[in-house]
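Residue numbers (our numbering): 3 to 323.
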């Protein structure tokens, strides 16, 4: 079993912390990686760690094996180790030549590998995914998102573009997972004892209620979504309007309809459906420095052609290069 606690702390200094990428030791590790045997590779990497050789590429492979052993719940620890490698251990980790380039490629590989593994396991929905899903909580996912965001925010845009993109994809997966976890019931409701009167719950206004998730229903064109108290109030007014019209009380209908029309004129979806937009604005805030340079291309032909594809076929747009 791997342990990465030492990678989160200050590593020992060494005059010989480099490992040549064409050396037999390094090639033996790469051979195990190519075979997909990360467990055997981790054992060989530990031999290098014991000699105080902390190459960022080896650290990346080692962290991935730790993830495979411990699941997604250990992602916050991985982010801490990567932050430490970038900060307190920067001078203790090789290779000293082109260090940023190797850090970028390692982080890009690690982020992509983890995201692809999680995506595959979720898609197949087998025992591995059930174990991962059962061990996670919204708190763990939130902490993971925060720590990886701290990591990407510490990197410059140009040098770390590919790693930033890889971590962005991982964060997008985690945010979607967080929505699912937040909607997951914490405990099963207990059945009422025989003879007891069932608890009464207030009827939602016009079948509308605050829902703790954004989730498709089995009715085409409908979904459940978090709504604000203001939107609930608007629904109450709509229901009240129908009632007074049916009762032919048009004096009240005039007052209610005037208020409703005023609210419609100033209707702000961000205010009425806050959860719907929270992930969007959260992701935009995290990666605004990576996104804004592309906004400058809005007048180019490439942008306009991509925009047409985006408008007519969103799935194809997402898959396009």
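Glycine residues also receive a C-beta, built at the ideal position from the N, C-alpha and C atoms.
query                                                                                                                                                                            : result
In its own chain, which residues sit with a C-beta less than 7 angstroms from the C-beta of residue 75, not counting the 5 before and 5 after it?                                : 137, 138, 142
Assess contact between the segment 146-155 and the segment 72-86, defined as three or more Cβ pairs (one per stretch) separated by less than 8 angstroms. Is contact present?    : yes
Which of the three DSSP states, helix, strand or coil, is assigned to residue 298?                                                                                               : coil
What does the alpha-carbon distance come out to for the pair residue 88 and residue 323?                                                                                         : 30 angstroms
For residue 90, count the other beta carbons within 10 Å of its own beta carbon; 16 or more makes it buried, fewer makes it exposed. Which is it?                                : exposed
When the Cα atoms are used, what is the spatial distance from residue 260 to residue 185?                                                                                        : 37 angstroms
To test your reading of the DSSP string, which unbroken alpha helix (DSSP H) runs of 4 or more residues are found completely within the segment 78-160?                          : 101-126, 129-137, 140-155
Look at residue 177 and residue 281 and say whether their C-beta atoms are less than 8 angstroms apart.                                                                          : yes
Hey, could you find the ends of the alpha helix (DSSP H) residue 235 is sitting in?                                                                                              : 231-248
Looking at C-beta atoms only, is the number of pairs between the segment 45-60 and the segment 121-130 that lie closer than 8 angstroms three or more?                           : no
Tell me which residues share the same chain as residue 14 and place their Cβ nearer than 8 angstroms to its Cβ, disregarding the 5 neighbours each side in the sequence.         : 54, 94
Could you tell me if residue 303 is buried or exposed, where buried requires 16 or more neighbouring beta carbons within 10 angstroms of its beta carbon?                        : exposed
So, with DSSP's three-state summary, where would you put residue 261?                                                                                                            : helix
Suppose you measure from the CA of residue 274 to the CA of residue 180; what does that come to, to the nearest Å?                                                               : 21 angstroms
Out of 163, 232, 113, 248, point me to the one whose CA is closest to residue 272's CA.                                                                                          : 232
Compare the C-alpha of residue 153 against each of 161, 299, 166 and name the closest.                                                                                           : 166
Could you tell me which of 236, 134, 163 sits nearest to residue 71, measuring between CA atoms?                                                                                 : 134
Roughly how many angstroms separate the alpha carbons of residue 237 and residue 182, rounded to a whole number?                                                                 : 26 angstroms
Grouping DSSP H, G and I as helix and E and B as strand, with all else coil, what is residue 27?                                                                                 : helix
Spatial neighbours of residue 64 within its chain, please: CB distance less than 6 angstroms, with the 5 preceding and 5 following residues excluded, ordered by chain position. : 44, 47
With H, G and I counted as helix, E and B as strand and the rest as coil, what does DSSP make of residue 36?                                                                     : helix
Looking only at its chain, what residues have a beta carbon closer than 6 angstroms to the beta carbon of residue 110, apart from the 5 residues adjacent to it on each side?    : 164, 165, 168
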